[in-house]
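Read through the structure below, which is laid out as structure tokens, and then see the notes.
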Amino acid sequence: MSETEPVPAAKEEAKPKRPINKAAVGAIGAILLLIVGAVIFTFKFVGDERERALQEWQVRLAIVADSRTAAVNEWMEQNFAYLREVSENASVQLYVTELVQAQAKGGSAVTEAAAQAQYLRNFLIATAERTGFKPPPAVGEVAANIERAGVAGVGLVDGNGAPVASSPGMPPMSPAMRIALAKALEGQPALIDVFLGASAQPAVGFALPIFGIQDTGSKGIGAVIGVRLLGSDLFDRLKQPGATEKTGETYLLRKEGQTVQYLSPLADGSPPLKKALTLDTPSLEGAWALDKPGGFALKRDYAGAESLVVSRAVANTPWVLIRKVSREEALAATDTRLTTILTVFLLFLGVVSATIFGVWRHGSSIRALEAADNFRISSERFENMSKFMRLVTNSQPTVIVAVDGETKYTFANEPAAREAGIQIADMMGKTMAQVIGPIKAQALAEINKAVLREFERQEHIHYFEADDSPEEGEPEIQVIKSMHVPLRGDRDYPPGILMILDDISELTRERRKNEKMLRSLIDTLVSVVDRRDPFSANHSTRVSEVVKCIAKEMGADDREMKTADTAGSLMNLGKIFIPPDVLTKTDNLSAEDKKMLFSSHLIAADLLEGVI
58 MSETEPVPAA KEEAKPKRPI NKAAVGAIGA ILLLIVGAVI FTFKFVGDER
108 ERALQEWQVR LAIVADSRTA AVNEWMEQNF AYLREVSENA SVQLYVTELV
158 QAQAKGGSAV TEAAAQAQYL RNFLIATAER TGFKPPPAVG EVAANIERAG
208 VAGVGLVDGN GAPVASSPGM PPMSPAMRIA LAKALEGQPA LIDVFLGASA
258 QPAVGFALPI FGIQDTGSKG IGAVIGVRLL GSDLFDRLKQ PGATEKTGET
308 YLLRKEGQTV QYLSPLADGS PPLKKALTLD TPSLEGAWAL DKPGGFALKR
358 DYAGAESLVV SRAVANTPWV LIRKVSREEA LAATDTRLTT ILTVFLLFLG
408 VVSATIFGVW RHGSSIRALE AADNFRISSE RFENMSKFMR LVTNSQPTVI
458 VAVDGETKYT FANEPAAREA GIQIADMMGK TMAQVIGPIK AQALAEINKA
508 VLREFERQEH IHYFEADDSP EEGEPEIQVI KSMHVPLRGD RDYPPGILMI
558 LDDISELTRE RRKNEKMLRS LIDTLVSVVD RRDPFSANHS TRVSEVVKCI
608 AKEMGADDRE MKTADTAGSL MNLGKIFIPP DVLTKTDNLS AEDKKMLFSS
658 HLIAADLLEG VI
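FYI, the numbering for the sequence shown is 58 to 669, going by this note's numbering.
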């Protein structure tokens, strides 16, 4: 038996091995790579769409934040302007100079000094009443010879901080006021940051220097200090007109020690200065905003809700302005749409993959039915792909169609059928000229020819006269953004083009409307300057025309040419700060007049810095 046992083994070695079907292995590998690539592409598409939605919200929030910051800055400048009327008043400068001198002489000329002090007090009372630097009216108080604690007012102090005159209700000098006074005496406007006054109400102060009548030095002899309560005059400026977001909110905050202190009323009912959170609160929007003013991020607000946040620093203050909207409200629609697309696509890939592998395994064991099975597999794949394509494309607002080289439709989604006014089945096999008209068809067909010839994707913007344009007046223009993607053919289907058509007419009209509004505003400013300086009327217009010609000759693009046009039109804007008697002066100009005229362009540049 030992001699005969090797014989069967020898026969087994002589039996040929079944050859490996390299084509099948290659097909399986290609299918696996295709599935993996499709999954990666889908996740990348979802991520890109979500990122695009975040960028759109960044732009929307930034526009609101910039406008509200400008409103707060305007409020700050307005308050300084009120006090500047006091500090630059010649009578105030004269009387303060004499009162300070009288105090320095030990009270000489008491009668005259008392009269001057009474004048200053009356002047400050009138200023406080007119500008809002006054305490609120007493409610429920019993009349008595008891002076109320000072909470708001306008006061004059000398270089040592000693009071010269003030309106009723002016708070006494505090350490913060003395710091502001020291800065004001050096010739700089100073802010007394928000604090809780004697009435437990938030207040803010401003200080400006007062110079002597004949004093040529840079140090003031005293200062005017104004303190006012924070109220609706500031907080109403944080509200954006026309805002539609339910969770949209704009508020001010600052750093206070190791906490973020909220300076304005909040949507949760917190009054000013009553809410403060530590800087190390995880993902706190306030801590991020103080560290990176001017940025955009996804953070948690003071209530712990995840929010999209934009921050802006308020000039010359330690304040930061925040505009935020909850993530749930901002991205709800986007998340739902992208989740649906991702789920449907992954389910489709799973079904297709299971079908392919199941049919392939079954077909490998039944060689006689291979042709029929392959045909069935191809039919099922085509039908599933068609269903999937229709499911995905019908949920999109854009027109998506596929045509062959002869412009005949091979695919169309529901928006395309609604745009054409016929059924999808009726579009198949017809040319673009028969469905959308010869003018649009010709424009799109020329691009399709180039796409098939070069086999590269192209994007174009088209302008067509709308079918429903009015008979009289300017015709309505329809603006279409088209994307042309080449499709490779096979033995059953010739090469074609996938076209994605997006009607951006409304967006284009809004942009033109905004440009017209800006042009009108610029023309208004130019007319204001021309009225003040009739001798140089239309000078800005001529400069604008020359600048545009120079920019065009230099090869500037449209945006740069528009910027040059705007800059040329507004070059004389600084003349609004020059007195009319200087602009219309017919005699020889003095050196001071010439210096003033020559500096008007620099003033215009300062006004327009960061705008153009």
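We put the CB at the ideal spot given by N, CA and C, even for glycine.
Every value quoted in this text rests on a predicted model; they were computed, and no experiment measured them.
Please state whether DSSP places residue i in a helix, a strand or coil.
| i | result |
| --- | --- |
| residue 338 | coil |
| residue 630 | helix |
| residue 84 | helix |
| residue 637 | helix |
| residue 644 | coil |
| residue 663 | helix |
| residue 174 | helix |
| residue 144 | helix |
| residue 190 | coil |
| residue 619 | helix |
| residue 547 | coil |
| residue 72 | Residue placement at residue 72 cannot be trusted, given a pLDDT of 45 that sits under 50; the coordinates are not used to answer. |
| residue 343 | helix |
| residue 390 | helix |
| residue 159 | helix |
| residue 181 | helix |
| residue 217 | coil |
| residue 511 | helix |
| residue 624 | helix |
| residue 324 | coil |
| residue 330 | coil |
| residue 404 | helix |
| residue 348 | helix |
| residue 137 | helix |
| residue 411 | helix |
| residue 287 | coil |
| residue 207 | coil |
What are the boundary residues of the beta strand (DSSP E) that residue i is part of?
| i | result |
| --- | --- |
| residue 357 | 353-357 |
| residue 227 | Here residue 227 belongs to no beta strand (DSSP E), and DSSP marks it neither H nor E. |
| residue 223 | 220-223 |
| residue 311 | 306-313 |
Starting from residue i, trace the alpha helix (DSSP H) both ways and give me its first and last residue.
| i | result |
| --- | --- |
| residue 9 | This structure does not reach residue 9, given that the chain is present from 58 up to 669, and the question cannot be answered. |
| residue 652 | 648-655 |
| residue 610 | 596-610 |
| residue 568 | 562-589 |
Across which residues does DSSP place residue i in a beta bridge pair?
| i | result |
| --- | --- |
| residue 369 | 378 |
| residue 37 | As displayed, the chain neither begins before 58 nor continues past 669, which places residue 37 out of reach and without an answer. |
| residue 212 | 223 and 282 |
| residue 316 | 313 and 335 |
| residue 534 | 522 |
| residue 364 | 356 and 383 |
Taking Cβ positions only, does residue i come closer than 9 Å to chain C?
| i | result |
| --- | --- |
| residue 90 | Included in the structure is just one protein chain, with no chain C present. |
Considering only heavy atoms of the ligand ATP, does any lie closer than 8 Å to the CB of residue i?
| i | result |
| --- | --- |
| residue 480 | Annotation note on the ligand ATP: not contained in the displayed structure, which lists no ligands. |
>> For a minimum of 3 consecutive residues, which ranges assigned as the beta strand (DSSP E) are wholly contained in the stretch 433-507?
In response: 456-461 and 466-469
> At which residue ranges does the stretch 225-282 contain complete beta strand (DSSP E) runs of 3 or more residues, listed in the order of the chain?
Replying inline: 247-253 and 259-267
> Does the pairing of the stretch 147-160 with the stretch 171-180 give three or more beta-carbon distances under 8 Å?
Replying inline: yes
> With contact counted as at least three CB pairs below 8 Å, one residue from each stretch, are the stretch 333-353 and the stretch 255-275 in contact?
Replying inline: Segments in contact, no.
> Which runs of the alpha helix (DSSP H) spanning at least 4 residues fall entirely within the stretch 95-134, listed in chain order?
Replying inline: none
> Counting pairs of beta carbons, one from the stretch 306-317 and one from the stretch 130-144, are three or more of them closer than 8 Å?
Replying inline: Using a C-beta cut-off of 8 Å, the stretch 306-317 makes no contact with the stretch 130-144, since fewer than three inter-stretch Cβ pairs fall below that distance.
> Counting pairs of beta carbons, one from the stretch 275-294 and one from the stretch 211-228, are three or more of them closer than 8 Å?
Replying inline: yes
>> Three Cβ pairs or more, each shorter than 8 Å: is that satisfied between the stretch 322-341 and the stretch 404-415?
In response: no
>> Closer than 8 Å is the cut-off here; do at least three beta carbon pairs connect the stretch 588-605 with the stretch 621-632?
In response: With a cut-off of 8 Å, the stretch 621-632 and the stretch 588-605 count as touching, because enough Cβ pairs lie within range.
>> Across the stretch 365-381 and the stretch 398-405, are there enough close Cβ pairs to call them in contact, namely three or more that are closer than 8 Å?
In response: no
>> Three or more C-beta pairs under 8 Å: does that hold for the stretch 509-517 against the stretch 536-545?
In response: Contact holds: three or more Cβ-Cβ distances are below 8 Å.
> Is the stretch 356-364 touching the stretch 111-121 in the sense that three or more CB pairs, one from each, lie closer than 8 Å?
Replying inline: The stretch 111-121 makes no contact with the stretch 356-364, as fewer than three CB pairs between them are under 8 Å.
> Any chance the stretch 385-400 sits against the stretch 98-105, with 3 or more Cβ pairs inside 8 Å?
Replying inline: yes
>> Measuring CB atoms only, is the stretch 642-659 touching the stretch 613-621, in the sense that at least three cross pairs come out at less than 8 Å?
In response: Contact between the stretch 642-659 and the stretch 613-621 is absent: fewer than 3 CB-CB pairs across the two stretches fall below 8 Å.
>> Assess contact between the stretch 484-494 and the stretch 462-470, defined as three or more Cβ pairs (one per stretch) separated by less than 8 Å. Is contact present?
In response: yes
> Between the stretch 570-586 and the stretch 604-612, do at least 3 Cβ pairs fall closer than 8 Å?
Replying inline: Using a C-beta cut-off of 8 Å, the stretch 570-586 makes no contact with the stretch 604-612, since fewer than three inter-stretch Cβ pairs fall below that distance.
>> Can you confirm whether the stretch 319-331 touches the stretch 288-306 when touching is taken to mean that 3 or more C-beta pairs between the two stretches lie within less than 8 Å?
In response: yes
> Do the stretch 442-456 and the stretch 472-483 meet, that is, are 3 or more Cβ pairs less than 8 Å apart?
Replying inline: yes
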